[in-house]
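A.B. asks: The structure's right below; bear with me while I get my questions together.
Shown next, in the form of structure tokens:
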């Protein structure tokens, strides 16, 4: 219990293509990415828990005007994981110009990919990717 | 808590400014002081809003400099507030709370922002710093992207064909530009058409260029005092009837993006404090950073049922002359959005409306006005209810 699970731990897990979350001993909810308290009940009684890779796409956008250093167009999406938490990731393997609202509700598999950091970020960061099943 | 009122207000023209943040604030602040029939030495504190001065001008710690250019006494502390796009609203609310609590009798609140100094790529990068820096920003999400995701979810949730939703979103832009065209302080003083909105460059699907507010420079300031003091100094004090503020975490924890949870909590508190409900509101300045954002705000504040507010602008209900005028200033969309100053400009518009000083944009007989400002990717919402 109360095992601290940090951004660095999350990054290490993502480097091994595992998605780290935390399991709440009080309400059983999984929070991912990890944070100090449960997203549902605010309990600090958490332990590390790898989450499953299946999720459902809940919404998306195609970024065409991007922050400095990014290469548009690319897709950013929110998905609800089968384990509960919603997560943000890049939908890959789909042509950004051939997207429509019907993507919402599709099953996706999650993986991880490392993005290049910039002057302001904490270096190169692994983030989630979604691929249509 | 004792009763609190606003005396004078002032704002610069929004748009592209040659002035620095501090110089713009001097113009707005000295204007508000003059309009309040007071002097800078009468002010006991400055509540100053600015978000990105570090990137815009290499200037951190702007509050004491803003204080100095007004000629405020050393004994009056200056504090910087940051709540992303809701920055100045949060500053004004805290000023009001401390005057209400009797800590100060008279203060100044407002903000300044010079976003265009950064250029669009750096501005887009720094605005995205308002999203979670570890779990959201590395994905390349932008604020248009956040609201693009909300628009797609809205279409799906309420089973509205995207084409129909987009046409109605365009009507929001057309309406706010119609208002802004009549506002001498607006960034874009020009009317647009639905066809023009729908033929603009795609920014973040499904949002096109004219679905989005601009990067703007500008400043606005308001003088806040105890109601007793305000009545002695100005003919028409405007009373702060109620305020609300709420905070929520990163976007991925918020799940249903069609409902801004922080807004639903904040507005409930403000209504309760003011002893009113949505039906009592005569006009509203709300957070239309993107066209879909106005639709979402209308619903969260109780003016429309969820899923039913999308065609309000198309029906003319929120336009000047409509049943509930929304963003008579032109809103963020047409008046502009210098993020650290926006809330103070919204308050400025409502104060002038309640005093009957808005010329062709006047909402006749308005007695109660509402300010709504959203900061970040739904992390901060602040509301202020004003009455004449």
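Chains as they are written, first to last, in the working numbering: chain S, 646 to 778; chain D, 50 to 437.
Idealized CB from N, CA, C, for every residue including glycine.
Figure out for me which residue from D:172, D:253, D:204, D:124 has the closest Cα to the Cα of residue 720 of chain S.
C.D. replies: The residue with the shortest Cα to Cα distance from residue 720 of chain S is D:253.
A.B. asks: Nearest to residue 724 of chain S by CA position, among S:673, S:771, S:703, is which residue?
C.D. replies: Of the listed residues, the one whose Cα sits closest to residue 724 of chain S is S:703.
A.B. asks: Does the beta-carbon distance from residue 175 of chain D to residue 264 of chain D come in below 8 Å?
C.D. replies: It is not a contact, given that the beta carbons lie outside the stated cut-off.
A.B. asks: Determine the extent of the alpha helix (DSSP H) in which residue 395 of chain D is found, giving its start and end residues.
C.D. replies: Unbroken alpha helix (DSSP H) run through residue 395 of chain D: 391–403.
A.B. asks: CB of residue 380 of chain D to nearest heavy atom of the ligand NAD: below 7 Å?
C.D. replies: This structure simply doesn't include the ligand NAD, nor any ligand for that matter.
A.B. asks: How about the segment 383–398 of chain D and the segment 758–778 of chain S: do they share at least three Cβ pairs that are nearer than 8 Å?
C.D. replies: Touching, no.
A.B. asks: Where do the ends of the beta strand (DSSP E) carrying residue 368 of chain D lie?
C.D. replies: That residue, residue 368 of chain D, is in no beta strand (DSSP E); it is neither H nor E in DSSP.
A.B. asks: Per DSSP, residue 294 of chain D forms a beta bridge with which residues?
C.D. replies: Paired residues: D:431.
A.B. asks: Considering residue 654 of chain S, what are the terminal residues of the alpha helix (DSSP H) in which it resides?
C.D. replies: From DSSP, the alpha helix (DSSP H) with residue 654 of chain S extends over 652–660.
A.B. asks: Mind the definition here: the segment 148–156 of chain D touches the segment 260–276 of chain D only if three or more C-beta pairs lie below 8 Å; say whether that holds.
C.D. replies: Cβ pair count under 8 Å is three or more, so yes.
A.B. asks: Could you please tell me which residues of the segment 155–176 of chain D, in chain order, have their CB closer than 7 Å to any CB of chain S?
C.D. replies: Going along the segment 155–176 of chain D in chain order, one finds 170, 171, 173, 174 with a Cβ nearer than 7 Å to chain S.
A.B. asks: Could you check which residue in S:706, S:677, S:699, S:670 has the C-alpha nearest to that of residue 689 of chain S?
C.D. replies: Selected option, being the one with the closest Cα: S:670.
A.B. asks: Taking the Cβ atom as the reference point for each residue, do residue 407 of chain D and residue 228 of chain D lie within a distance shorter than 8 Å?
C.D. replies: Cβ atoms of residue 407 of chain D and residue 228 of chain D: not closer than 8 Å.
A.B. asks: Using 8 Å as the limit for Cβ to Cβ distance, is residue 646 of chain S near chain D?
C.D. replies: Its pLDDT being 49, under 50, residue 646 of chain S is placed unreliably in this model, and the value from its coordinates should be taken loosely. It does not; no Cβ of chain D falls within 8 Å.
A.B. asks: Between residue 685 of chain S and residue 666 of chain S, how many whole angstroms is the CB-CB distance? I'm expecting something under 8 Å.
C.D. replies: Going by Cβ atoms, the distance from residue 685 of chain S to residue 666 of chain S rounds to 12 Å, so no, they are not a contact pair.
A.B. asks: Measuring alpha carbon to alpha carbon, tell me which residue in D:365, D:359, D:416, D:342 is nearest residue 382 of chain D.
C.D. replies: Cα-wise, what sits closest to residue 382 of chain D is D:342.
A.B. asks: Could you give the C-beta distance for residue 99 of chain D and residue 129 of chain D, rounded to a whole number, given that I count them as a contact under 8 Å?
C.D. replies: Their Cβ separation, rounded to whole angstroms, is 6 Å, which keeps residue 99 of chain D and residue 129 of chain D in contact under 8 Å.
A.B. asks: For a quick check, are the C-beta atoms of residue 735 of chain S and residue 188 of chain D less than 8 Å apart?
C.D. replies: Cβ distance < 8 Å, so residue 735 of chain S and residue 188 of chain D count as in contact.
A.B. asks: Output yes or no for whether 8 Å exceeds the beta carbon distance between residue 326 of chain D and residue 351 of chain D.
C.D. replies: A contact, by the Cβ cut-off of 8 Å.
A.B. asks: Listed in chain order, which residues of the segment 751–767 of chain S have Cβ atoms closer than 8 Å to some Cβ of chain D?
C.D. replies: Residues 760, 762, 763, 765, 766, 767.
A.B. asks: By DSSP, does residue 120 of chain D sit in helix, in strand, or in coil?
C.D. replies: Looking at residue 120 of chain D - three-state DSSP - the assignment turns out to be coil, as it is neither helix nor strand.
A.B. asks: DSSP on residue 237 of chain D, reduced to helix/strand/coil?
C.D. replies: Note: residue 237 of chain D maps to coil in three-state DSSP.
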